[in-house]
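Chemist: Here you go, one structure.
In the working numbering, the protein residues as written are 130 to 275.
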């Protein structure tokens, strides 16, 4: 009887450790990231079990310009500020250094794409936007902002 209790206790501890590890790994993407062109910075944050990202800085800010979403396909949204705009939406961690099933909005084109993000290392994030399958898309490497 004691052996069963010991095995049960060890199993629960192991499962708890795995859950904590996967949660920590999933949250490794959190924080600020600098775009490949180094002209904007994004804050990736978590809501529930999904990950999102919003614009927190752009070179226009340093010039005193308030950039607008002028290319948005919805004319009612073309006057909204890019600063604070959520561009990355609904990403889920897949347990393998990749966040997928999300979308990315490109304000330069006014288009939304399917997207996946892969953490290359602690300071490099591969962001891939695509239509249909990820084979047909474009990638950028973002760097962690310190």
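We treat Cβ as the ideally placed atom computed from N, Cα and C, and that holds for glycine.
Note that the structure is a prediction, hence the values are computed from the model and not measured.
Helix, strand or coil: how does DSSP classify residue 173 here?
Modeler: Three-state DSSP puts residue 173 in a strand.
Chemist: Comparing C-alpha positions only, which one of 167, 164, 172 and 165 sits nearest to residue 157?
Modeler: Minimum Cα distance to residue 157 is reached at 172.
Chemist: Reducing DSSP to helix, strand and coil, say where residue 194 ends up.
Modeler: In the structure shown, residue 194 sits in coil (DSSP, three-state: anything other than H, G, I, E or B).
Chemist: What is the residue span of the beta strand (DSSP E) that residue 246 lies within?
Modeler: Counting along the chain, the beta strand (DSSP E) containing residue 246 begins and ends at 240–250.
Chemist: Any idea what DSSP makes of residue 206, helix, strand or coil?
Modeler: Helix at residue 206.
Chemist: By Cβ distance, which residues of its chain are closer than 7 Å to residue 190, with the 5 residues on each side in sequence left out?
Modeler: The residues are 212.
Chemist: For residue 155 and residue 245, I'd like the C-alpha separation in whole angstroms.
Modeler: The alpha-carbon atoms of residue 155 and residue 245 are separated by roughly 14 Å.
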